[in-house]
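*Asks:* Supplied in structure tokens, the structure appears directly below.
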């Protein structure tokens, strides 16, 4: 059974919707997963937003999810850490570098275009190299910096929109983005 952790900011909108939706969708498709969620800036025990709860209720999901801050125990528990934005992914990797191989944006993880995947792999490698150089006090390699810029300009944006403080429609749009990515995730999990 795969253990999947979704990560967003406050763990009251996107990641709990992803958690509850994946749990339901996986059950319907017979895919065995265990799912949790957390936030990089979350407090413990805050209920999900009313709008997120309403969107889930419309899907006949009545999970009672409260927020959890991202911590080492959750990171160690997870086989796969799926963030809702690139900045969440960067935060997880910065705080828990041992989880780099298991940490992806949700949309990036389900991407299947070979050119995009090759660009992502090269970008991750260049960013890791640059981070190591900075840590060693070395000057940045300008050709690598230029290549990072080129890659970032052509790689699609993998962030899921943040509905926090928005209308019910904003939450519906975000939930639809998440459902589309989760459908692709389940397909990937089914294929092994």
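Numbering (my numbering), first residue to last: 1 to 192.
Where is the CB? At the ideal position from N, CA and C, for every residue including glycine.
Predicted model only: the values in this text are computed from it and were never measured.
1. Which residue wins for smallest C-alpha separation from residue 163, given the options 128, 175 and 136?
2. Just to confirm before moving on: does the CB-CB distance between residue 84 and residue 185 stay below 9 Å?
3. How big is the Cα-Cα spacing for residue 13 and residue 4?
4. Provide the residue span of the alpha helix (DSSP H) that contains residue 181, from first to last.
5. Just tell me which of 69, 112, 110 and 46 has its CA closest to the CA of residue 92.
6. Please report the Cβ distance between residue 241 and residue 89, rounded to the nearest whole angstrom; I am assuming they are in contact, meaning their Cβ atoms lie under 8 Å.
7. Going residue by residue through the segment 9 to 53, where are the continuous beta strand (DSSP E) segments of at least 3 residues, counting only ones entirely within it?
8. Pick out the complete beta strand (DSSP E) segments inside the segment 66 to 90, 3 residues or longer, and give them in chain order.
9. Residue 96 bridges to which residues according to DSSP?
10. DSSP state of residue 4, grouped into three classes?
11. Per DSSP, residue 103 is paired with what?
*Replies:* On the basis of the data shown:
1. 175 is the residue among 128, 175 and 136 whose C-alpha sits nearest the C-alpha of residue 163.
2. No, the Cβ-Cβ distance between residue 84 and residue 185 is not below 9 Å.
3. A straight-line Cα-Cα distance of about 17 Å links residue 13 and residue 4.
4. Where residue 181 is concerned, the enclosing alpha helix (DSSP H) stretches over 168 to 191.
5. Minimum Cα distance to residue 92 is reached at 69.
6. There is no way to answer for residue 241, as the model of the chain reaches only from 1 to 192.
7. If only uninterrupted beta strand (DSSP E) runs of at least 3 residues are considered, those enclosed by the segment 9 to 53 are 33 to 39.
8. Within the segment 66 to 90, the complete beta strand (DSSP E) runs of at least 3 residues are 80 to 83.
9. Partner residues in a beta bridge of residue 96, as assigned by DSSP, do not exist.
10. The answer is strand: DSSP assigns residue 4 an E or B state.
11. Looking at the DSSP assignment, residue 103 forms a beta bridge with 81.
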